[in-house]
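The listed protein sequences correspond, in order, to chains U and A. Using the UniProt record's numbering, you'd call the opening residue of the first sequence number 1 and step up by one each time. Using the UniProt record's numbering, you'd call the opening residue of the second sequence number 1 and step up by one each time. Every residue gets a Cβ at the ideal spot worked out from N, C-alpha and C, and that includes glycine.
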Amino acid sequence: MTKPTMNTPSTDSQRTNQPPHHQAYDESLWWGLFSAGGVCFAVLLPSAILFFAVLLPLGWLPADALSHERASRLLFSVPGFLFVGAAVCLPLFHAAHRLRHGMFDLILGRDTTNKKLMYGAAALLSLLALGLVVAGMFR
Amino acid sequence: MSAQQVSTRRISVKRYLPDNSTEPYWQEYELPVDDSTSLLDALNHIKEQLDSTLSYRWSCRMAICGSCGVMVNGVPKLGCKTFLRDFDDEIRIEPLAHFPVQRDLVVDMEIFLDHLAAVKPYLIDDNPVKPFDPKAPETYRQSPRQLARYKQFANCINCGLCYSACPQFGLNPEFIGPGAIALGHRYNLDSRDHGSTQRMAELNRHEGVWSCTFVGFCSKVCPKHVDPAAAINQSKVASAKHTLIALFKG
Numbered sequence: 001m002t003k004p005t006m007n008t009p010s011t012d013s014q015r016t017n018q019p020p021h022h023q024a025y026d027e028s029l030w031w032g033l034f035s036a037g038g039v040c041f042a043v044l045l046p047s048a049i050l051f052f053a054v055l056l057p058l059g060w061l062p063a064d065a066l067s068h069e070r071a072s073r074l075l076f077s078v079p080g081f082l083f084v085g086a087a088v089c090l091p092l093f094h095a096a097h098r099l100r101h102g103m104f105d106l107i108l109g110r111d112t113t114n115k116k117l118m119y120g121a122a123a124l125l126s127l128l129a130l131g132l133v134v135a136g137m138f139r
Numbered sequence: 001m002s003a004q005q006v007s008t009r010r011i012s013v014k015r016y017l018p019d020n021s022t023e024p025y026w027q028e029y030e031l032p033v034d035d036s037t038s039l040l041d042a043l044n045h046i047k048e049q050l051d052s053t054l055s056y057r058w059s060c061r062m063a064i065c066g067s068c069g070v071m072v073n074g075v076p077k078l079g080c081k082t083f084l085r086d087f088d089d090e091i092r093i094e095p096l097a098h099f100p101v102q103r104d105l106v107v108d109m110e111i112f113l114d115h116l117a118a119v120k121p122y123l124i125d126d127n128p129v130k131p132f133d134p135k136a137p138e139t140y141r142q143s144p145r146q147l148a149r150y151k152q153f154a155n156c157i158n159c160g161l162c163y164s165a166c167p168q169f170g171l172n173p174e175f176i177g178p179g180a181i182a183l184g185h186r187y188n189l190d191s192r193d194h195g196s197t198q199r200m201a202e203l204n205r206h207e208g209v210w211s212c213t214f215v216g217f218c219s220k221v222c223p224k225h226v227d228p229a230a231a232i233n234q235s236k237v238a239s240a241k242h243t244l245i246a247l248f249k250g
């Protein structure tokens with residue numbers, strides 16, 4: 001790269017080692033999913049853990065609060081679909097983003113490959129989770 | 001030296017003299033210090049009294065010029081703003097991390113200057129107020145509120161400490177980096193400026209704002225409290241908005 005001075009800003013032709021100004025339009029999406037996943041994880045997961053893993057086993061909730069029939073009805077519905085999206089899918093993308101950047105930090109693999117692997121896995125697992133809910137809705 | 005109590009301190013400096021050896025080595029110096037001795041004072045004492053072959057940069061002695069950045073026990077600091085009294089144990093001085101070393105504590109800042117120029121850190125106005133235009137009613141006006149939007153980010157002195165603190169710049173020197181993005185953001189927030197679209201071309205790249213993983217050490221080491229990490233993350237929001245708009249406009 002030739003030396004650009006402050007008064008003659010760098011132009012595309014000076015950056016020969018990479019496509020000039022290659023815009024990273026996909027990164028906004030990954031970052032948005034990462035942010036949303038972080039918020040959903042922080043807000044929803046503690047309450048879900050409190051409900052499913054503490055209050056229910058301790059018997060502090062009515063016995064039929066999560067009977068099979070009631071749980072199925074709650075999960076296989078539009079609110080259940082949204083809950084799975086917020087509590088499973090978005091945090092999956094949050095984790096995928098962290099793993100991808102963690103691998104870059106540890107110099108493991110190539111970022112372009114890691115990106116496809118991580119976000120691809122998050123997308124597949126999300127489809128599986130949401131697909132199960134949808135399948136349950138049309139039983 | 002003042003009338004304060006003078007004691008003797010030992011500091012280690014990482015030397016690199018490419019004319020003599022291709023390998024850097026550590027050298028210890030013992031020098032008299034008191035409570036007011038800054039690291040820059042210590043380096044000046046070494047240069048003047050002990051070893052004239054030591055090379056380092058400095059100019060203003062008051063955290064304005066941004067020349068005297070070095071690693072102190074592994075943390076980037078300005079020599080003039082660092083006082084030996086704040087260190088109990090050993091003091092190890094190294095050249096700024098992540099930059100090529102030219103000699104002793106002198107590093108090559110070229111890549112930072114390249115990145116800085118790339119974000120166009122100056123007012124861009126297609127229709128500027130001309131200084132001697134009789135029809136121009138007045139020069140630019142700016143309210144205190146408009147000034148407050150960017151003032152913090154305007155305090156950057158281009159010392160490069162944030163680049164030495166940034167692990168992402170260490171992994172990929174093509175990353176535009178904290179200082180340059182903070183300055184680009186400073187002009188994007190300026191009510192007189194209309195260059196944000198031009199700067200977006202640089203910022204909305206993998207090597208732009210998206211290389212940042214919000215470690216935040218840049219903001220911690222900044223001697224002028226610019227908070228580059230905040231600037232980068234605000235720029236991420238702006239880049240995401242830009243992408244959304246580009247998506248709908250086609």
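- A straight-line Cα-Cα distance of about 35 angstroms links Glu30 (chain A) and Val226 (chain A).
- Counted as a single uninterrupted DSSP element, the beta strand (DSSP E) harbouring Ser12 (chain A) occupies residues Ser7 to Arg15.
- Taking 7 angstroms as the upper bound on Cβ-Cβ separation, chain A lies near no residue of the segment 42-75 of chain U.
- Taking 9 angstroms as the cut-off between beta carbons, the residues of the segment 163-178 of chain A near chain U are Pro167, Gln168, Leu171, Asn172 and Glu174, in sequence order.
- Fully contained in the segment 209-246 of chain A are the following alpha helix (DSSP H) runs of length 4 or more, in chain order: 217-221.
- In the three-state reduction of the DSSP assignment, Phe93 (chain U) falls in the helix class.
- Judged by DSSP in its simplified three-state form, Tyr29 (chain A) adopts strand.
- For chain A, none of the residues of the segment 83-99 of chain U brings a beta carbon within less than 7 angstroms of one of its beta carbons.
- Any Cβ of chain A closer than 8 angstroms to the Cβ of Phe34 (chain U) would place that residue at the interface, and such an atom is absent.
- Across the structure, Ser239 (chain A) and Leu40 (chain A) are spaced so that their CA atoms are roughly 40 angstroms apart.
- Cα atoms of His94 (chain U) and Ser67 (chain A): separation of roughly 40 angstroms, rounded to the nearest angstrom.
- Leu147 (chain A) counts as exposed, since fewer than 16 other C-beta atoms from the protein chains shown sit within 10 angstroms of its C-beta.
- Shown here, Leu78 (chain A) sits in a strand according to DSSP, grouped into three states.
- Here the alpha carbon of Asn172 (chain A) sits roughly 9 angstroms from the alpha carbon of Ser211 (chain A).
- In chain U, no part has a C-beta under 7 angstroms from the C-beta of Thr197 (chain A); the shortest such distance is about 12 angstroms.
- Inter-residue distance for Gln152 (chain A) and Gly38 (chain U) is about 28 angstroms (C-alpha atoms, whole angstroms).
- At the C-beta level, Gly179 (chain A) and Gly160 (chain A) come within 8 angstroms of one another.
- Contact with chain A is found for Phe104 (chain U), since one of that chain's Cβ atoms lies less than 8 angstroms from the residue's Cβ.
- Remark: C-beta atoms of His194 (chain A) and Ile124 (chain A) approach each other more closely than 8 angstroms.
- The beta-carbon separation of Asp35 (chain A) and Gln4 (chain A), rounded to 5 angstroms, stays under the 8 angstroms limit for a contact.
- A buried status is given to Ala229 (chain A), since no fewer than 16 other beta-carbon atoms sit within 10 Å of its beta-carbon.
- For a Cβ distance threshold of 7 angstroms, residue set Trp31 of chain U lies close to Lys236 (chain A), ordered along the chain.
- DSSP places Ile111 (chain A) within a helical segment (H, G or I) once states are collapsed to three.
- Secondary structure note for Arg110 (chain U): it is in no beta strand (DSSP E), with a DSSP letter that is neither H nor E.
- Look at Ser28 (chain U): its C-beta is under 8 angstroms from a C-beta on chain A.
- By the Cβ-count criterion, Thr243 (chain A) is buried, with 16 or more other Cβ atoms from all chains shown falling within 10 Å of its own Cβ.
- Here the C-alpha atom of Ser38 (chain A) lies approximately 18 angstroms from the C-alpha atom of Lys14 (chain A).
- At least one C-beta of chain U is nearer than 8 angstroms to the C-beta of Arg205 (chain A).
- Relative to the Cα of Gly170 (chain A), the nearest Cα in the group A:Val215, A:Phe87 and A:Leu54 belongs to A:Val215.
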